[in-house]
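Beneath this line is the structure, given in structure tokens, with notes to follow.
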Amino acid sequence: MAGKKAKLTGAGRIALAKVKKLYPKVMKVVDADEKVVITVTEKDGNTGHQLDLTECALAIACKRQLGLQGAIIGLGTSYLVRGTVATRYKTGQSITREITSFDRHKDFKPGVYTLVPYPTKAHLGAYETSTKGHATGKNPRYAARHVTTGVRSS
């Protein structure tokens, strides 16, 4: 549809709102097409701030290595901000484990880490999810969930 601007719905609108809280100049959130490989140095780990989505060791490494205006590194989703566009990535399990260690003990091991794109079926606007049964606890699959404490919220 050339010339028509797509309207953000559901997940896209929520993602944009989350990013705008930390980076108000962002006007658009897009899904990544390719993975990004980031090298975290010991200096990144020493200068990073615990429990901070935008100033943890990996966020500092992303900004330094890619020349970004900002980075939001969450336990499940990460956003890399360049200008007015935030690109959404899936935070891998190895990164999630390092984030947990960093937030609790300020220990982020130097190394090479990869942020990967979401699969096509999980792209923003690909489908709308239902919360039916989640909030009330009627769905037994969601009734008992473990929530990791002592780490950033996102």
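Here the sequence shown stands for residues -2 to 151, where the numbers follow this note's numbering.
Just so you know, even glycine gets a beta-carbon here, dropped at the ideal spot from N, CA and C.
Beta-carbon separation of residue 88 and residue 108 under 8 Å? Residue 88 sits at position 91 when you count from the first residue of the sequence shown. Residue 108 sits at position 111 when you count from the first residue of the sequence shown. Not closer than 8 Å, so no.
Is it the case that the Cβ atoms of residue 20 and residue 82 are separated by a distance below 8 Å? Looking up residue 20 in the sequence shown gives position 23. Looking up residue 82 in the sequence shown gives position 85. Taking 8 Å as the Cβ cut-off, residue 20 and residue 82 do not qualify as a contacting pair.
Rounded to the nearest angstrom, what separates residue 23 and residue 120 at their Cα positions? Locating residue 23 in the sequence shown gives position 26, counting from the first residue. Locating residue 120 in the sequence shown gives position 123, counting from the first residue. CA-CA distance, residue 23 to residue 120, rounds to 19 Å.
Which of the three DSSP states is assigned to residue 1 in this structure? In the sequence shown, residue 1 corresponds to position 4, counting from 1. Low confidence applies here, because residue 1 scores a pLDDT of 37, under 50, leaving its location unreliable and the question unanswered by this model.
How long is the line joining the alpha carbons of residue 106 and residue 46, rounded to whole angstroms? The residue labelled residue 106 in the question sits at position 109 within the sequence shown. The residue labelled residue 46 in the question sits at position 49 within the sequence shown. A straight-line Cα-Cα distance of about 14 Å links residue 106 and residue 46.
Between the C-alpha atoms of residue 54 and residue 64, what's the straight-line distance to the nearest angstrom? Sequence index remark: in the sequence shown, residue 54 carries index 57 (1-based). Sequence index remark: in the sequence shown, residue 64 carries index 67 (1-based). When the Cα atoms are used, residue 54 and residue 64 turn out to be separated by approximately 15 Å.
Hey, out of 150, 62, 86, 26, whose CA is closest to residue 37's CA? In the sequence shown, the residue the question calls residue 37 occupies position 40. Nearest of 150, 62, 86, 26 to residue 37, Cα basis: 62.
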